[in-house]
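Asks:
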Amino acid sequence: MHKRARGWSVWLQAGVLLSILAGASYWLANAGSGSLDREALKSAVGELRSQAAVGRLLAEQSARGTLTRTFLETQVEQSRKNIDSEREELKSSSVAPEVVGPSMRASTLARRLDDDYAALPRSYGDADAASALGREFDALFKELKSLEGGLGE
Amino acid sequence: MKKPLELFLGILTAMGGFVEVGELVFSVNAGAKFRFALLWVLALGTVGIIAYCEMAGRIAAVKAQPVFNLVRERAGLDAGLVTLVAATMVSLLTCSAEIGGIALIWQLLSGWPYRWLILGAFLLLLLSIWVLSFQWIERVYGLLGLLMVVFLLTAVYMRPDWGQVAWGLVPQVPALSSTKEYFVFAYFAVALLSSVMLPYETYFYASGAVEDGWTPSDINLNRIICVVGMVLGSALAAALVIIGAQLFMPREIEPQLPGAAALGPAMLFGKAGLVAALGGMFFAFAGAAIENALTGAYNLAQFLGWPWGKWRPARKAARFTLSWMIILLLSTLVIVTGVDPVSVVEYSIIFAVVLLPFTYFPVMLIANDRDFMGEFVNGRLANAVGWFYLAVVTLAALLAIPLLIITRGGQG
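From first to last, the protein sequence lines are chains A and B. The first sequence begins at 1 in our numbering and counts up one residue at a time. The second sequence begins at 1001 in our numbering and counts up one residue at a time.
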């Protein structure tokens, strides 16, 4: 039984190593040159769209008074970090010529999103202000969704 | 009177200790991305972890031997050493992820700086393991982890289509828009299976059975705790999938941070729901961090033949005590470097899958060895289930890393 266990263990280790090798080969074969192509831009816009949806939900809940101030401020801070990292990506990558326009649009929307997030903690305790921000997040969400859809499958 | 109380506490602590940061992140995201289509993976994993924890607990009760004694004995020194190194690395990564999760939760409650909260979490965990007995660690963190029940209530109050939820328990692959989406689905299936069947759970459970001094008379207790505790714990994970599907999917949110899950209870129960959810997450993550630090030390001590156990005074199990302290310290250092805790969660879960077959195969061999186990050897059902799950986790182990790379950590 011990021999069987050892033999099986060796085969499994070899299998795992092979699978890692296969995954790494796939990654190397598909690794881009670091430029922002259509797919990478779509992924960045998708992330911004998700952040706009989070902002809308936070604003809705803030307006209903279900969040603590600290929770709201910290969530905003964490979301803004994610937005910053997407903005950096949009700024620093060399943009493929066919997506220059959508990339500039995404940068503009990302800046607006960041501004709205910055305003969110200030609306705490003011249901009207929070609802207004919720509508702004909703408009941004729709614009980002439309931009994402325009980048195709 | 003692047995029913032990049973009751055992079930509740198994339930409260079931969900940890990886399971929380993957369950909520699975619901947000694929609605109820991955619930069957949770069910599959739950039966698997019940089967193997029951076997490991039975071996511990009959022979007072935990898992890593068996790994060395049955797999040999070389293969055993590979398993030991891999298991220790995974425990360290998982412990790091839990510490990061605790700091994120505390930050949502206090607003204090993240790095200071990491250090605070380290000190609290160190003090907890040092001061509390094994039983009290289980009780404090397992029972207070039951605050997570607020997620169960939230899922019910969200009134999902229960027919669709039940349909999600049937193994399926939904119709998706692209090959990439199918890869992401497979990645989530493997990650969710791993998060339910994390190897440390079996190591810790078996070592805990030895710590608790189980004997063959505790075999039925072991069986009931495994089945009832883990089914209830799995219901908590299913509730997180439902919250992901009901709250985040319609709003097209991909919740990245553990704290986002608390928005569900907040929506229904207001600030009290929010605080209960964050409290439940804190105790669940802290419990898992302690279990991982201790598991790393148990594994090392059992493999190398050192005296081990929380029941021993620290000076009589000095190397064991030093080991859990070092694992806790290293885990803290990993997370304090500023590495994204959610990425650590993902890597710990995926690397844990690779370890699953190496963990479960020796357990299966021993539990099925009539000469060793005598009348407590596996029955036909335990054997059939055990071999089936060994095949499942082996397949998952082979697919895990390629899927991690192909899907860029589930991003598609």
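Every residue, glycine too, gets a C-beta built ideally from N, C-alpha and C.
With a Cβ-Cβ cutoff of 7 Å, do S1234(B) and L1042(B) count as a contact?
Replies: A contact, by the Cβ cut-off of 7 Å.
Asks: Report yes if the CB atom of I1225(B) is closer than 7 Å to the CB atom of I1011(B), and no otherwise.
Replies: Yes. Within cutoff.
Asks: Are there 16 or more other CB atoms within 10 angstroms of the CB of V1393(B), so buried, or fewer, so exposed?
Replies: Classification for V1393(B): buried.
Asks: For a contact defined as C-beta to C-beta under 9 Å, what are the partners of I1137(B) on chain A?
Replies: Under the 9 Å cutoff, chain A gives no residues; its nearest Cβ is about 28 Å from I1137(B).
Asks: Strictly under 7 Å for the Cβ-Cβ distance: is T66(A) near chain B by that measure?
Replies: Yes, T66(A) counts as interfacial toward chain B.
Asks: Identify the continuous alpha helix (DSSP H) that holds V1090(B) and give its terminal residues.
Replies: Its alpha helix (DSSP H) spans residues 1067-1110.
Asks: Just to make sure I have the definition right: I need the residues of chain B whose C-beta is within less than 7 Å of the C-beta of R38(A). Which are they?
Replies: In chain order: nothing, as chain B lies at least about 14 Å away.
Asks: Are the CB atoms of W1311(B) and A1301(B) nearer to each other than 7 Å?
Replies: In this structure, A1301(B) does not lie closer than 7 Å to W1311(B) by Cβ.
Asks: Are there any heavy atoms of the ligand GTP lying less than 6 Å away from the beta-carbon of L1124(B), as far as the coordinates show?
Replies: Judged by which ligands are present, the structure shown has none, so any question about the ligand GTP falls away.
Asks: E1291(B): buried (16+ other C-beta within 10 angstroms of its C-beta) or exposed?
Replies: Looking at its Cβ environment, which holds 16 or more other Cβ atoms inside 10 Å, E1291(B) is buried.
Asks: Any idea what DSSP makes of V1460(B), helix, strand or coil?
Replies: Absent from the structure is residue 1460(B), since the part of chain B shown begins at 1001 and ends at 1412.
Asks: Is the beta carbon of G1045(B) less than 7 Å from the beta carbon of M1148(B)?
Replies: No. Outside cutoff.
Asks: Excluding five sequence neighbours on each side, which residues of the same chain lie with their C-beta closer than 6 Å to the C-beta of V1071(B)?
Replies: If we look at V1071(B) and ignore the five residues flanking it on each side, its Cβ neighbours are G1080, T1083, P1362.
Asks: Taking 7 Å as the limit between beta carbons, can you name the residues of its chain near Q61(A), skipping five residues before and five after?
Replies: Around Q61(A): L67.
Asks: Between M1(A) and A1032(B), what straight-line distance do the alpha-carbon atoms span, to the nearest angstrom?
Replies: Confidence at M1(A) is low in this model, with a pLDDT of 48, below 50, so the placement of that residue should be treated as unreliable; the coordinate-derived value is given next. Their backbone Cα atoms lie some 45 Å apart in a straight line.
Asks: Here's a check: name, in chain order, each residue in its chain whose Cβ is nearer than 6 Å to the Cβ of F1248(B), leaving out the five neighbours to either side.
Replies: Excluding positions up to five away in sequence, the list reads A1032, P1255.
Asks: Please confirm whether F71(A) has its beta-carbon closer than 7 Å to some beta-carbon of chain B.
Replies: Yes, because at least one Cβ of chain B sits closer than 7 Å to the Cβ of F71(A).
Asks: By Cβ distance, which residues of its chain are closer than 8 Å to I1243(B), with the 5 residues on each side in sequence left out?
Replies: Only V1028, G1031, F1151, T1154, A1155, M1158, A1261, G1264 meet the Cβ criterion.
Asks: In this structure, does DSSP put M1(A) in helix, strand or coil?
Replies: Its pLDDT being 48, under 50, M1(A) is placed unreliably by the model, and nothing is read from it.
Asks: At a CB-CB cut-off below 8 Å, which residues of chain B make contact with T108(A)?
Replies: The contacting residues do not exist; T108(A) stays about 21 Å from chain B at best.
Asks: If you follow the alpha helix (DSSP H) that A53(A) is part of, which residue opens it and which one closes it?
Replies: Note, A53(A): alpha helix (DSSP H), 38-64.
Asks: Does the Cβ-Cβ distance between A1206(B) and V1067(B) come in under 7 Å?
Replies: A contact, by the Cβ cut-off of 7 Å.
Asks: Need the endpoints of the alpha helix (DSSP H) that R80(A) sits in, please.
Replies: Residues 69-92.
Asks: Would you say P1413(B) lies against chain A (beta-carbon separation less than 7 Å)?
Replies: Lying outside 1001 to 1412, the shown extent of chain B, residue 1413(B) is not represented and no answer is given.
Asks: Kindly indicate which three-state DSSP category V1173(B) falls into: helix, strand or coil?
Replies: Here V1173(B) sits in coil by DSSP.
Asks: Mind checking the stretch 1022-1041 of chain B against chain A and listing, in chain order, the residues whose C-beta falls within less than 9 Å of any C-beta there?
Replies: Residues passing the 9 Å Cβ filter: none.
Asks: Going by the CB atoms, is the gap between A1097(B) and S1348(B) shorter than 7 Å?
Replies: Yes. Within cutoff.
Asks: Let's test the definition: count the other Cβ atoms within 10 Å of the Cβ of W1130(B) and tell me whether it reaches 16, buried, or not, exposed.
Replies: Counting Cβ neighbours within 10 Å, W1130(B) comes out exposed, since fewer than 16 surround it.
Asks: According to DSSP, is V994(B) part of a helix, a strand, or is it coil?
Replies: The displayed coordinates of chain B run from 1001 to 1412. Any statement about residue 994(B) would go beyond what the structure contains.
Asks: With a CB to CB cut of under 6 Å and the five nearest residues on each side skipped, what residues in its chain are close to L1193(B)?
Replies: Excluding sequence neighbours, L1193(B) sits near V1041, G1045, A1396.
Asks: Could you list which residues in chain A have their beta carbon closer than 8 Å to that of E1252(B), in chain order?
Replies: The contacting residues are R49, S50, A53, F141, K145.
Asks: Tell me, to the nearest whole angstrom, how far the beta carbon of R1118(B) is from that of A1286(B); I am working on the premise that it is less than 8 Å.
Replies: Sequence inspection shows Ile at residue 1118(B); the Arg mentioned does not correspond to that position. No, I1118(B) and A1286(B) are not in contact; Cβ-Cβ is about 13 Å, not under 8 Å.
Asks: Which runs of the beta strand (DSSP E) fall wholly inside the stretch 1298-1328 of chain B and span at least 3 residues, in chain order?
Replies: Whole beta strand (DSSP E) segments, 3+ residues: zero.
Asks: Determine the closest residue to V1170(B) out of T1179(B), L1039(B), A1056(B), with distance taken between C-alpha atoms.
Replies: Checking every option, the nearest Cα to that of V1170(B) belongs to L1039(B).
Asks: Is L120(A) closer than 7 Å to L133(A) when the C-beta atoms are compared?
Replies: A contact, by the Cβ cut-off of 7 Å.
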